[in-house]
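S.K.: Below are the C-alpha coordinates for one structure; questions will follow.
Here's what the structure looks like:
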(Lines of atoms letter the chains of each structure in order from A and count residues from 1; the text may use other names and numbers.)
(Lines give C-alpha, C1' and ligand atoms only; values in the text may rest on other atoms or scores of the structure.)
Protein backbone atom coordinates (compact mmCIF):
# COMPACT_ATOMS: atom_id res chain seq x y z
CA UNK A 1 0.00 0.00 0.00
CA UNK A 2 1.34 3.45 -0.85
CA UNK A 3 1.83 6.29 1.60
CA UNK A 4 -1.52 7.95 1.00
CA UNK A 5 -3.31 4.60 1.21
CA UNK A 6 -1.78 3.87 4.59
CA UNK A 7 -2.66 7.34 5.86
CA UNK A 8 -6.25 7.01 4.71
CA UNK A 9 -6.56 3.48 6.08
CA UNK A 10 -5.19 4.51 9.47
CA UNK A 11 -7.42 7.52 9.93
CA UNK A 12 -10.46 5.88 8.34
CA UNK A 13 -10.29 3.37 11.20
CA UNK A 14 -10.96 6.33 13.50
CA UNK A 15 -14.21 7.17 11.69
CA UNK A 16 -17.61 7.73 13.20
CA UNK A 17 -18.29 8.87 16.74
CA UNK A 18 -15.25 9.89 18.72
CA UNK A 19 -13.71 6.54 19.77
CA UNK A 20 -12.64 5.66 23.27
CA UNK A 21 -9.41 4.12 21.94
CA UNK A 22 -7.37 4.07 18.72
CA UNK A 23 -4.93 1.24 18.03
CA UNK A 24 -2.27 1.02 15.30
CA UNK A 25 1.18 -0.47 14.75
CA UNK A 26 4.38 1.14 13.56
CA UNK A 27 8.06 1.84 14.12
CA UNK A 28 9.03 3.47 17.42
CA UNK A 29 11.18 6.50 16.61
CA UNK A 30 11.21 8.77 19.62
CA UNK A 31 10.33 8.75 23.31
CA UNK A 32 10.48 12.04 25.18
CA UNK A 33 9.68 12.91 28.75
CA UNK A 34 6.18 13.94 27.67
CA UNK A 35 5.66 12.50 24.17
CA UNK A 36 6.04 9.44 21.94
CA UNK A 37 6.46 9.29 18.13
CA UNK A 38 5.61 6.20 16.06
CA UNK A 39 5.90 5.97 12.26
CA UNK A 40 3.19 3.95 10.56
CA UNK A 41 4.60 1.66 7.85
CA UNK A 42 5.17 3.73 4.68
CA UNK A 43 3.04 6.43 6.23
CA UNK A 44 2.88 9.34 8.65
CA UNK A 45 4.72 9.95 11.90
CA UNK A 46 2.11 9.93 14.68
CA UNK A 47 2.86 11.98 17.80
CA UNK A 48 1.14 11.37 21.16
CA UNK A 49 1.53 12.57 24.72
CA UNK A 50 2.96 9.90 27.04
CA UNK A 51 0.22 9.86 29.62
CA UNK A 52 0.80 7.28 32.36
CA UNK A 53 1.96 4.49 30.04
CA UNK A 54 5.16 2.67 31.02
CA UNK A 55 7.82 2.63 28.31
CA UNK A 56 10.73 0.44 29.35
CA UNK A 57 13.17 -1.80 27.49
CA UNK A 58 12.33 -0.46 24.04
CA UNK A 59 14.91 0.33 21.39
CA UNK A 60 15.03 2.54 18.34
CA UNK A 61 12.88 1.24 15.43
CA UNK A 62 11.18 -1.56 17.40
CA UNK A 63 7.83 -2.52 15.87
CA UNK A 64 5.15 -1.68 18.44
CA UNK A 65 1.39 -1.73 18.84
CA UNK A 66 0.13 1.54 20.27
CA UNK A 67 -3.26 2.25 21.81
CA UNK A 68 -4.21 5.92 22.29
CA UNK A 69 -7.17 7.99 23.36
CA UNK A 70 -8.19 11.28 21.69
CA UNK A 71 -7.66 14.37 23.83
CA UNK A 72 -8.19 18.09 23.58
CA UNK A 73 -5.25 19.61 21.71
CA UNK A 74 -2.12 20.24 23.78
CA UNK A 75 0.62 22.47 22.32
CA UNK A 76 4.30 21.65 22.82
CA UNK A 77 6.24 24.85 22.14
CA UNK A 78 9.62 23.12 22.09
CA UNK A 79 8.54 20.57 19.48
CA UNK A 80 6.24 23.00 17.66
CA UNK A 81 3.41 20.43 17.67
CA UNK A 82 -0.19 20.16 18.79
CA UNK A 83 -0.92 16.75 20.30
CA UNK A 84 -4.39 15.26 19.77
CA UNK A 85 -3.72 11.77 21.17
CA UNK A 86 -2.56 10.42 24.53
CA UNK A 87 -0.76 7.10 24.84
CA UNK A 88 -2.72 4.53 26.85
CA UNK A 89 -0.75 1.33 26.17
CA UNK A 90 2.23 0.19 24.14
CA UNK A 91 3.20 -3.40 23.28
CA UNK A 92 6.27 -4.81 21.56
CA UNK A 93 5.42 -6.62 18.31
CA UNK A 94 9.01 -7.50 17.39
CA UNK A 95 12.52 -6.15 17.66
CA UNK A 96 13.82 -4.07 14.77
CA UNK A 97 15.85 -5.69 12.03
CA UNK A 98 19.41 -4.34 11.72
CA UNK A 99 18.61 -2.53 8.47
CA UNK A 100 15.46 -0.97 9.98
CA UNK A 101 17.41 0.28 12.98
CA UNK A 102 20.21 1.67 10.81
CA UNK A 103 17.75 3.54 8.57
CA UNK A 104 15.89 5.03 11.54
CA UNK A 105 19.09 6.08 13.28
CA UNK A 106 20.26 7.80 10.11
CA UNK A 107 17.00 9.74 9.84
CA UNK A 108 16.93 10.68 13.52
CA UNK A 109 20.50 11.94 13.37
CA UNK A 110 19.13 14.84 11.32
CA UNK A 111 16.36 15.69 13.76
CA UNK A 112 16.75 17.69 16.91
CA UNK A 113 14.85 17.13 20.11
CA UNK A 114 14.78 14.95 23.18
CA UNK A 115 14.94 11.18 22.75
CA UNK A 116 15.14 8.88 25.76
CA UNK A 117 15.58 5.80 23.58
CA UNK A 118 19.15 4.61 23.33
CA UNK A 119 20.53 5.98 20.08
CA UNK A 120 23.78 4.26 19.09
CA UNK A 121 26.02 6.09 16.70
CA UNK A 122 24.97 5.47 13.12
CA UNK A 123 27.69 3.99 10.93
CA UNK A 124 28.52 6.89 8.66
CA UNK A 125 29.51 5.88 5.13
CA UNK A 126 32.73 7.47 3.98
CA UNK A 127 31.90 10.75 2.23
CA UNK A 128 32.38 10.80 -1.49
CA UNK A 129 32.55 14.44 -2.52
CA UNK A 130 33.02 13.62 -6.19
CA UNK A 131 29.89 11.42 -6.26
CA UNK A 132 27.74 14.10 -4.63
CA UNK A 133 29.13 16.67 -7.05
CA UNK A 134 28.18 14.40 -9.97
CA UNK A 135 24.65 13.98 -8.58
CA UNK A 136 24.41 17.73 -8.05
CA UNK A 137 25.43 18.53 -11.63
CA UNK A 138 23.16 15.85 -13.15
CA UNK A 139 20.11 17.16 -11.32
CA UNK A 140 20.81 20.83 -11.97
CA UNK A 141 21.27 20.04 -15.64
CA UNK A 142 18.01 18.07 -15.64
CA UNK A 143 16.16 21.07 -14.19
CA UNK A 144 17.77 23.47 -16.66
CA UNK A 145 17.00 21.27 -19.66
CA UNK A 146 13.66 19.77 -18.71
CA UNK A 147 11.78 18.90 -21.84
CA UNK A 148 8.60 20.71 -22.73
CA UNK A 149 5.45 18.63 -22.36
CA UNK A 150 1.69 18.80 -21.96
CA UNK A 151 -0.38 16.48 -19.78
CA UNK A 152 -3.68 16.04 -17.98
CA UNK A 153 -3.44 16.63 -14.23
CA UNK A 154 -5.76 15.31 -11.52
CA UNK A 155 -5.49 16.35 -7.87
CA UNK A 156 -7.72 14.79 -5.21
CA UNK A 157 -7.84 16.32 -1.74
CA UNK A 158 -9.19 14.42 1.26
CA UNK A 159 -9.82 15.91 4.67
CA UNK A 160 -10.37 14.58 8.19
CA UNK A 161 -11.62 17.11 10.73
CA UNK A 162 -9.77 15.45 13.61
CA UNK A 163 -8.58 12.07 14.83
CA UNK A 164 -12.13 10.98 15.60
CA UNK A 165 -13.71 11.97 12.31
CA UNK A 166 -13.92 10.07 8.99
CA UNK A 167 -12.08 11.00 5.83
CA UNK A 168 -14.09 12.64 3.08
CA UNK A 169 -13.22 13.75 -0.41
CA UNK A 170 -12.88 17.53 -0.28
CA UNK A 171 -12.61 18.10 -4.02
CA UNK A 172 -11.19 16.86 -7.31
CA UNK A 173 -9.21 19.35 -9.36
CA UNK A 174 -8.49 18.68 -13.03
CA UNK A 175 -6.46 20.77 -15.44
CA UNK A 176 -4.49 20.70 -18.65
CA UNK A 177 -0.89 21.53 -17.77
CA UNK A 178 1.89 22.67 -20.07
CA UNK A 179 5.55 22.83 -19.13
CA UNK A 180 7.51 25.09 -21.47
CA UNK A 181 10.96 26.63 -21.02
CA UNK A 182 10.92 25.89 -17.30
CA UNK A 183 7.50 27.47 -16.71
CA UNK A 184 4.34 25.60 -15.70
CA UNK A 185 0.93 26.85 -16.84
CA UNK A 186 -2.59 25.50 -16.35
CA UNK A 187 -5.71 25.95 -18.40
CA UNK A 188 -9.22 24.50 -18.52
CA UNK A 189 -9.21 24.10 -14.74
CA UNK A 190 -12.18 22.19 -13.34
CA UNK A 191 -13.22 21.67 -9.74
CA UNK A 192 -15.56 18.74 -9.14
CA UNK A 193 -16.26 18.61 -12.86
CA UNK A 194 -17.27 22.27 -13.17
CA UNK A 195 -15.15 24.99 -14.85
CA UNK A 196 -13.09 27.08 -12.42
CA UNK A 197 -12.99 30.66 -13.75
CA UNK A 198 -10.55 32.02 -11.16
CA UNK A 199 -6.75 31.70 -10.93
CA UNK A 200 -5.45 28.33 -9.74
CA UNK A 201 -4.21 29.62 -6.37
CA UNK A 202 -7.73 30.81 -5.53
CA UNK A 203 -8.69 27.17 -4.92
CA UNK A 204 -7.11 27.62 -1.48
CA UNK A 205 -5.26 25.23 0.80
CA UNK A 206 -1.96 23.53 0.00
CA UNK A 207 -1.99 22.79 -3.72
CA UNK A 208 0.51 21.16 -6.03
CA UNK A 209 1.96 24.26 -7.64
CA UNK A 210 4.56 22.49 -9.76
CA UNK A 211 6.40 19.19 -9.93
CA UNK A 212 10.12 19.03 -9.20
CA UNK A 213 10.49 22.72 -8.31
CA UNK A 214 12.41 21.67 -5.19
CA UNK A 215 15.27 20.02 -7.10
CA UNK A 216 17.06 23.29 -7.88
CA UNK A 217 17.07 24.70 -4.32
CA UNK A 218 18.13 21.28 -3.02
CA UNK A 219 21.22 20.97 -5.21
CA UNK A 220 22.05 24.62 -5.91
CA UNK A 221 25.46 25.25 -4.23
CA UNK A 222 24.37 28.83 -3.53
CA UNK A 223 21.67 27.56 -1.14
CA UNK A 224 22.43 26.73 2.49
CA UNK A 225 21.27 23.11 2.30
CA UNK A 226 23.32 20.47 4.08
CA UNK A 227 23.40 17.16 2.19
CA UNK A 228 24.85 13.95 3.60
CA UNK A 229 25.33 10.55 2.00
CA UNK A 230 23.42 7.95 4.08
CA UNK A 231 24.25 4.75 2.21
CA UNK A 232 22.56 2.52 -0.33
CA UNK A 233 19.09 1.03 -0.32
CA UNK A 234 16.94 -1.01 -2.66
CA UNK A 235 13.69 0.62 -3.76
CA UNK A 236 11.19 -0.96 -6.16
CA UNK A 237 13.74 -3.66 -6.88
CA UNK A 238 16.44 -1.18 -7.90
CA UNK A 239 19.58 -0.10 -5.98
CA UNK A 240 19.54 3.55 -4.95
CA UNK A 241 21.90 6.06 -3.36
CA UNK A 242 20.37 7.70 -0.28
CA UNK A 243 21.06 11.32 0.62
CA UNK A 244 19.64 13.13 3.65
CA UNK A 245 19.23 16.89 3.62
CA UNK A 246 18.39 19.74 5.94
CA UNK A 247 17.56 23.34 5.07
CA UNK A 248 17.16 26.16 7.61
CA UNK A 249 14.17 28.45 7.91
CA UNK A 250 14.14 31.27 5.36
CA UNK A 251 16.08 29.05 2.94
CA UNK A 252 15.79 28.67 -0.82
CA UNK A 253 12.71 26.43 -0.88
CA UNK A 254 10.28 29.30 -0.63
CA UNK A 255 7.31 30.25 1.52
CA UNK A 256 4.03 28.60 2.36
CA UNK A 257 0.93 30.79 2.37
CA UNK A 258 -1.82 29.89 4.80
CA UNK A 259 -4.79 32.08 5.71
CA UNK A 260 -2.92 35.10 4.40
CA UNK A 261 0.20 34.36 6.46
CA UNK A 262 3.62 33.74 4.89
CA UNK A 263 6.30 31.54 6.44
CA UNK A 264 9.39 29.82 5.06
CA UNK A 265 9.94 26.86 7.44
CA UNK A 266 12.98 24.61 7.86
CA UNK A 267 12.94 21.39 5.83
CA UNK A 268 14.37 17.93 6.37
CA UNK A 269 14.16 15.02 3.99
CA UNK A 270 15.87 12.51 1.80
CA UNK A 271 16.35 11.76 -1.87
CA UNK A 272 16.81 8.43 -3.63
CA UNK A 273 19.17 8.70 -6.57
CA UNK A 274 19.78 6.37 -9.51
CA UNK A 275 23.45 5.40 -9.01
CA UNK A 276 24.05 4.82 -12.71
CA UNK A 277 22.64 8.08 -14.10
CA UNK A 278 22.63 10.31 -11.02
CA UNK A 279 18.99 11.37 -11.39
CA UNK A 280 16.63 11.84 -8.46
CA UNK A 281 13.99 9.09 -8.51
CA UNK A 282 12.24 9.88 -5.22
CA UNK A 283 12.15 13.05 -3.14
CA UNK A 284 10.78 13.25 0.42
CA UNK A 285 10.38 16.59 2.18
CA UNK A 286 8.94 17.51 5.58
CA UNK A 287 8.48 21.16 6.53
CA UNK A 288 7.92 21.79 10.24
CA UNK A 289 8.54 24.34 12.97
CA UNK A 290 5.62 26.60 12.00
CA UNK A 291 4.61 29.29 14.52
CA UNK A 292 1.95 28.19 17.02
CA UNK A 293 -0.82 30.36 15.56
CA UNK A 294 0.09 29.74 11.93
CA UNK A 295 -2.43 26.91 11.50
CA UNK A 296 -0.21 24.16 10.05
CA UNK A 297 1.84 21.57 11.94
CA UNK A 298 3.79 20.06 9.07
CA UNK A 299 3.68 19.85 5.28
CA UNK A 300 4.94 16.60 3.76
CA UNK A 301 5.63 15.92 0.07
CA UNK A 302 6.75 12.73 -1.64
CA UNK A 303 7.58 13.03 -5.36
CA UNK A 304 8.47 10.16 -7.70
CA UNK A 305 10.01 9.97 -11.18
CA UNK A 306 10.59 7.08 -13.58
CA UNK A 307 12.08 6.41 -16.98
CA UNK A 308 9.88 5.93 -20.04
CA UNK A 309 10.93 5.09 -23.57
CA UNK A 310 9.57 7.29 -26.34
CA UNK A 311 10.72 6.18 -29.75
CA UNK A 312 14.33 5.15 -29.28
CA UNK A 313 15.03 7.51 -26.38
CA UNK A 314 14.70 7.16 -22.61
CA UNK A 315 13.14 10.09 -20.74
CA UNK A 316 12.87 10.79 -17.01
CA UNK A 317 9.32 11.94 -16.28
CA UNK A 318 7.29 12.76 -13.14
CA UNK A 319 5.03 9.91 -12.01
CA UNK A 320 3.25 10.89 -8.79
CA UNK A 321 3.12 13.41 -5.98
CA UNK A 322 1.60 12.71 -2.57
CA UNK A 323 1.22 15.38 0.08
CA UNK A 324 -0.25 15.68 3.55
CA UNK A 325 -0.67 18.69 5.82
CA UNK A 326 -1.62 18.07 9.47
CA UNK A 327 -3.15 21.24 10.89
CA UNK A 328 -3.10 22.71 14.36
CA UNK A 329 -6.83 22.10 14.85
CA UNK A 330 -6.37 18.38 14.22
CA UNK A 331 -7.41 18.32 10.56
CA UNK A 332 -5.28 16.47 8.05
CA UNK A 333 -5.49 17.01 4.30
CA UNK A 334 -3.93 14.65 1.75
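Numbering (our numbering), first residue to last: 665 to 998.
Note that CB positions come from ideal geometry on N, CA and C, so glycine has one too.
All values reported here derive from a predicted model rather than from experimental measurement.
Quick one: what's got a C-beta closer than 6 Å to residue 811's C-beta in the same chain, skipping five residues either side?
M.R.: Residue numbering aside, residue 811 sits at position 147 when the chain shown is read from its first letter. Here the set comprises nothing.
S.K.: With residue 810 as the anchor, note down where its beta strand (DSSP E) starts and where it stops.
M.R.: Locating residue 810 in the chain shown gives position 146, where the first residue counts as 1. Where residue 810 is concerned, there is no enclosing beta strand (DSSP E), given that its DSSP letter is neither H nor E.
S.K.: With H, G and I counted as helix, E and B as strand and the rest as coil, what does DSSP make of residue 820?
M.R.: As a first step, residue 820 must be located in the chain shown, where it is residue number 156. DSSP places residue 820 in strand when its eight states are reduced to three.
S.K.: If you draw a straight line from the alpha carbon of residue 758 to that of residue 728, how long is it in whole angstroms?
M.R.: Along the chain shown, one-based indexing puts residue 758 at 94. Along the chain shown, one-based indexing puts residue 728 at 64. Approximately 7 Å between the Cα atoms of the pair.
S.K.: Identify every run of the beta strand (DSSP E) within the segment 899 to 945, keeping only runs that are complete inside it and at least 3 residues long; order them along the chain.
M.R.: Within the segment 899 to 945, the complete beta strand (DSSP E) segments at least 3 residues long are 902 to 911, 920 to 922, 925 to 927, 931 to 937, listed from N- to C-terminus.
S.K.: Determine the direct distance from the alpha carbon of residue 736 to that of residue 682, and round the result to whole angstroms.
M.R.: Indexing the chain shown from 1 puts residue 682 at position 18. Indexing the chain shown from 1 puts residue 736 at position 72. Because the pLDDT of residue 682 is 47, which lies under 50, any placement of that residue in the model is unreliable, and the question is left without a value.
S.K.: Would you tell me roughly how many angstroms separate the C-alpha atoms of residue 963 and residue 988, rounded to the nearest one?
M.R.: Looking up residue 963 in the chain shown gives position 299. Looking up residue 988 in the chain shown gives position 324. Whole-angstrom Cα-Cα distance: 6 Å.
S.K.: Please determine, among 718, 716, 920, 780, the residue with the shortest C-alpha to C-alpha distance to residue 724.
M.R.: The residue labelled residue 724 in the question sits at position 60 within the chain shown. The option with the nearest alpha carbon to residue 724 is 780.
S.K.: Kindly give me the distance between the Cβ atoms of residue 750 and residue 777, rounded to whole angstroms, as I take these residues to be in contact under 8 Å.
M.R.: Within the chain shown, the letter at position 86 stands for residue 750. Within the chain shown, the letter at position 113 stands for residue 777. About 19 Å; that fails the 8 Å criterion.
S.K.: Excluding sequence positions up to five away, which residues of its chain have a Cβ less than 7 Å from the Cβ of residue 726?
M.R.: Reading the chain shown from its first residue, position 62 is the one you call residue 726. Within the same chain, residue 726 has close Cβ partners 692, 756, 759, 760.
S.K.: Mapping DSSP to helix, strand and coil, what is residue 801?
M.R.: In the chain shown, residue 801 corresponds to position 137, counting from 1. Here residue 801 sits in helix by DSSP.
S.K.: Of the residues 866, 847, 764, which one's Cα is nearest the Cα of residue 855?
M.R.: Against the chain shown, residue 855 aligns to sequence position 191. Nearest of 866, 847, 764 to residue 855, Cα basis: 866.
S.K.: How about residue 780: is its Cβ closer than 7 Å to a heavy atom in the ligand GTP?
M.R.: Inclusion of the ligand GTP in the displayed structure is not the case, the ligand content being empty and no account of it being possible.
S.K.: Give the straight-line distance between the Cα atoms of residue 669 and residue 888, rounded to the nearest whole angstrom.
M.R.: Here residue 669 is taken as the residue at index 5 of the chain shown, counted from 1. Here residue 888 is taken as the residue at index 224 of the chain shown, counted from 1. Its pLDDT being 42, under 50, residue 669 is placed unreliably by the model, and nothing is read from it.
S.K.: Can you list, in chain order, the residues of its chain with a C-beta nearer than 7 Å to that of residue 745? Leave out the 5 residues immediately preceding and following it.
M.R.: Working through the chain shown from its first residue, we reach residue 745 at position 81. Here the set comprises 711, 961.
S.K.: So, are the CB atoms of residue 931 and residue 917 less than 8 Å apart?
M.R.: Locating residue 931 in the chain shown gives position 267, where the first residue counts as 1. Locating residue 917 in the chain shown gives position 253, where the first residue counts as 1. Result yes, Cβ atoms of residue 931 and residue 917 sit closer than 8 Å.
S.K.: I need the DSSP call for residue 765, collapsed to helix, strand or coil.
M.R.: Counting from 1 along the chain shown, the entry for residue 765 is found at position 101. Of the three classes helix, strand and coil, the one that applies to residue 765 here is helix, per DSSP.
S.K.: In chain order, what residues of the same chain lie with their CB nearer than 6 Å to the CB of residue 849, ignoring the 5 residues before and after it?
M.R.: The sequence position of residue 849 within the chain shown is 185, counting from 1. Excluding residues within five positions, the ones whose Cβ falls inside 6 Å are 842.
S.K.: Count the other C-beta atoms from every protein chain shown that fall within 10 angstroms of the C-beta of residue 793, then say buried if there are 16 or more, exposed otherwise.
M.R.: Taking the chain shown and counting its residues from 1, the one referred to as residue 793 is at position 129. Classification of residue 793: exposed, given that the 10 Å Cβ count is below 16.
S.K.: For residue 949, does the count of other Cβ atoms within 10 angstroms reach 16, so buried, or fall short, so exposed?
M.R.: Numbered from its first residue, the chain shown carries residue 949 at position 285. Answer is buried; the Cβ neighbour count reaches 16.
S.K.: Which residue spans inside the segment 693 to 735 form an unbroken beta strand (DSSP E) run of at least 3?
M.R.: 699 to 703, 709 to 713
S.K.: When you compare the CB positions of residue 717 and residue 753, do they come within less than 8 Å of one another, or not?
M.R.: The count along the chain shown starts at 1 and reaches residue 717 at position 53. The count along the chain shown starts at 1 and reaches residue 753 at position 89. Taking 8 Å as the Cβ cut-off, residue 717 and residue 753 qualify as a contacting pair.
S.K.: Roughly how many angstroms separate the alpha carbons of residue 911 and residue 928, rounded to a whole number?
M.R.: Position 247 of the chain shown holds residue 911. Position 264 of the chain shown holds residue 928. Using only the alpha carbons, I get a separation of about 10 Å.
S.K.: How close, in whole Å, do the beta carbons of residue 947 and residue 878 come, if the pair is a contact with beta carbons under 8 Å?
M.R.: Working through the chain shown from its first residue, we reach residue 947 at position 283. Working through the chain shown from its first residue, we reach residue 878 at position 214. Here residue 947 really is in contact with residue 878; their C-beta atoms are around 6 Å apart, less than 8 Å.
S.K.: Among the candidates 852, 802, 822, whose CA atom is the shortest distance from the CA of residue 938?
M.R.: For the purposes of this step, residue 938 is taken as the residue at position 274 of the chain shown. Per the Cα distances, 802.
S.K.: Could you check if residue 739 is buried or exposed, using at least 16 other CB atoms within 10 Å of its CB as the buried criterion?
M.R.: For the purposes of this step, residue 739 is taken as the residue at position 75 of the chain shown. Counting Cβ neighbours within 10 Å, residue 739 comes out exposed, since fewer than 16 surround it.
S.K.: With DSSP as the reference, label residue 888 as helix, strand or coil.
M.R.: As a working mapping, residue 888 is identified with position 224 in the chain shown. Coil at residue 888, not helix or strand.
S.K.: Assign residue 748 to one of two classes, buried (16 or more other C-beta atoms within 10 Å of its C-beta) or exposed (fewer than that).
M.R.: On the chain shown, position 84 is the one that residue 748 refers to. It counts as buried.
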